[in-house]
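Take 1 as the starting number for the sequence shown in UniProt numbering and just add one per residue. Note that CB positions come from ideal geometry on N, CA and C, so glycine has one too.
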Amino acid sequence: MLYIVGTPIGNLGDITYRAIDILRLVDVIFAEDTRITNRLLSHYGIVKKLISCNAVIEHKRIGLLLEYLSNGKNVAFVSDAGTPCLSDPGGLLVDAAFKNGYKVCPIPGISSFNAIISVNPFKDKVIVFEGFLPNKGIKRIKRIEELYHKGDAFVLLESSHRILKLLFEISLVNLDANVLVGREMTKLYEEYKVGKPLELKKYFEVNNKSKGEFTVLVSRKSKALYN
């Protein structure tokens with residue numbers, strides 16, 4: 001069987017007992033980055049064979065995965081952080097397992113998506129997860145425009161290098177958009193701020209807080225629940 005296992009997005013305590021049990025049970029673990037996964041396993045005293053399987057080489061690992069499964073082995077796949085296949089590799093392995101008649105089992109865990117919507121003050125019902133936008137060009141703004149009209153809200157992931165740019169781009173689509181930004185979620189310096197795009201851009205810029213990993217929820221609602 002192929003297990004798709006959710007792992008922490010920062011705080012090593014954010015992993016389920018079931019996920020730990022599965023990681024101990026399986027014969028081998030396919031990991032987006034074996035170094036990161038090895039730190040997690042070491043924290044919980046787990047010693048297991050690890051096979052690198054990032055987005056660049058995932059397609060090359062399909063044959064090896066099927067070989068393990070055909071021999072009756074249990075395999076787990078983990079990404080660097082959070083839920084696999086959600087802006088992370090894993091989808092090709094899942095597809096190959098299903099197409100070849102093998103069982104696939106999700107082991108749910110935390111993700112940046114469910115973390116940010118749990119503190120969303122805008123009462124959005126239809127929330128679209130987009131993940132990372134293209135790195136450059138007008139395609140970014142066009143995609144933001146498309147997302148803005150798809151549901152009540154959408155969620156983006158962004159790096160420290162482009163967070164200020166992203167907030168400015170959101171302002172170009174709607175200067176009055178309501179935005180929730182999560183910075184370094186579940187980590188030591190985690191922070192959540194609600195505001196308009198340019199207000200948030202100024203806050204992170206002036207306070208030198210544009211470093212880290214960001215999750216951004218953009219809502220079409222006209223008012224937040226609080227000021």
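From the options, residue whose alpha carbon lies closest to that of residue i
i, options, result
"L156", "N114, D14 and K125", "N114"
"I138", "E130, I116 and K165", "K165"
"S52", "Y3, G101, G109 and G90", "G90"
"R183", "L175, D176, N174 and K193", "K193"
"E191", "E145, H149 and V119", "V119"
Range of the contiguous beta strand (DSSP E) that encloses residue i
i, result
"N178", "N178 to R183"
"Y148", "Segment I138 to Y148 is the alpha helix (DSSP H) holding Y148; no beta strand (DSSP E) there."
"Y192", "E191 to G195"
"F122", "That residue, F122, is in no beta strand (DSSP E); it is neither H nor E in DSSP."
Contacts around residue i, its chain only, beta-carbon distance under 6 Å, and the 5 residues preceding and following it disregarded
i, result
"D33", "D80"
"P106", "I4"
"Y111", "Checking the displayed sequence, the identity of residue 111 turns out to be Ser instead of Tyr. Same-chain partners within the cutoff: G82, T83 and L86."
"V78", "V5, T7, A31 and T37"
Exposure of residue i, with buried meaning 16 or more beta-carbon neighbours within 10 Å
i, result
"D124", "buried"
"N207", "exposed"
"S219", "buried"
"G10", "buried"
"D21", "exposed"
"D88", "buried"
Proximal residues to residue i (C-beta, below 8 Å), its chain only, five neighbours per side dropped
i, result
"L25", "N74"
Sequence-distant residues of its chain with Cβ nearer than 7 Å to residue i (five each side left out)
i, result
"I92", "Sequence check: residue 92 is Leu here, not Ile. Once the five neighbours on either side are set aside, the close Cβ partners of L92 are E58, H59 and I62."
"L200", "L167, V179, V181 and K193"
"K142", "none"
Residue range of the unbroken alpha helix (DSSP H) whose run includes residue i
i, result
"residue 262", "Absent from the structure is residue 262, since the part of the chain shown begins at 1 and ends at 227."
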